[in-house]
Amino acid sequence: MADDWFKRGTFSDHPHRGFQTITYVIDGRLEHIDNHGGHSILEAGDVQYMNAGWAARHAEEAVDDDLIHTLQLWLNLPKHLKNTKTSYQNIHVEKVPVVSFEHGYLKVYSGNISGVVGPMNSLVPITMTEITFTETGKYTYNLPENHNAFIVVRAGEVEIGESKVKLKKTGVATLTFKEDGNDQESELVINANERAKLLIYSGVPLKEDVVQYGPFVMNSMEEIQQAFRDFHEGKFGPPAK
């Protein structure tokens, strides 16, 4: 997970291959440009899903003099999907379904939470939920079967799980499911001691070899080297501008 603050010119034209990204805008305006003619502006609360697939080439820029703050999660693609066509999906916060609970509310960006399905169309099953506590309280979050989870606290302080692990703002935690043959949802109890906000991401582990170098995520160093060769030979297409 990359927690980035940046100005225009920081993430200009660059390539990717072999993975997906989920970019969440915390503050500022994010301009996305790709080399297939795509152009969009994302604001606070908006999310962009990207499948880099075989050959993505894009730019992520702050608009004008904005100081942009984003969270970007990289998610590996299974080997058989690494050569898929590049795609992008912008999810604007006003289109994200909201689920209320006694002490706050959830925004469901991806996956099925409490019977509500988020708008993200990912190549592999992913859940992304923003949970906001408007007061002190408890919420039990159901993780899909066989999912590992990643938690980021955006505001306040929470206690996670039966052991009540404390996480404050910017704190992160990783949860790994227990492989005991009991394929069912897991309950994650979250206690907030005050107003709080957190993001929960989850997905099924791939259990494949993975090598990440620079902007590429593949299964071997040979495939990484091939990605660099393909980029320098122009196989990713023209620059994004």
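Numbering follows my numbering, in which position 127 of the sequence shown is assigned residue number 136; successive positions increment by one, without gaps.
Even glycine gets a Cβ: it sits at the ideal position worked out from N, Cα and C.
Excluding sequence positions up to five before and after Val102, its CB lies within less than 6 Å of the CB of Gly54, Asp55, all in the same chain and listed in chain order. If you keep only unbroken beta strand (DSSP E) runs of at least 3 residues inside the segment 45-103, you get 48-51, 56-60, 65-71, 77-85, 96-100. Rounded to whole angstroms, the gap between the alpha carbons of Leu176 and Lys244 is 44 Å. Per DSSP, His241 is one residue of the alpha helix (DSSP H) stretching across 230-241.
For Glu139, the enclosing beta strand (DSSP E) covers residues 135-142. Given a length threshold of 3 residues, each whole run of the beta strand (DSSP E) inside the segment 144-198 is given here in chain order: 146-152, 157-164, 166-169, 174-177, 181-184. Under the Cβ criterion (8 Å, minimum of three pairs), the segment 127-137 does not count as touching the segment 168-182. When C-alpha distances from Leu215 are compared across Asp12, Val133, Pro248, the shortest belongs to Val133. By the criterion of a C-beta distance shorter than 7 Å, Glu196 is surrounded in its chain by Thr149, Asn151, once the five residues flanking it on both sides are discounted. Distance from the Cα of Pro248 is smallest, within the candidate group Ala68, Lys94, Asp13, Lys16, for Ala68.
Taking C-beta atoms as the reference points, Gly62 and Asn85 fail to come closer than 8 Å.
Counting only residues of its own chain and dropping the five nearest sequence neighbours on each side, Gly120 has a CB closer than 6 Å to the CB of Gly127, Thr136.
The way I'd put it, the segment 35-52 does touch the segment 73-88; three or more beta-carbon pairs between them come closer than 8 Å. Annotation: Asn157 to Phe240 spans about 33 Å, alpha carbon to alpha carbon. When DSSP reads this structure, Thr32 sits in a beta bridge with Gln57, Gln81. Residues of the same chain with a CB within less than 6 Å of the CB of Ser123, apart from the 5 flanking positions on each side, are Val108 in chain order. If you draw a 10 Å sphere on the C-beta of Met230, you find fewer than 16 other C-beta atoms in it, and that means exposed.
Counting every other CB atom within 10 Å of its CB across the protein chains shown gives Asn44 a total of 16 or more, marking it as buried. CA-CA distance, Ile233 to Asp75, rounds to 34 Å.
Across the set Thr30, Tyr58, Ala65, the C-alpha of Tyr58 shows the shortest separation from the C-alpha of Met129. Ala164 places its beta carbon less than 8 Å from that of Lys178.
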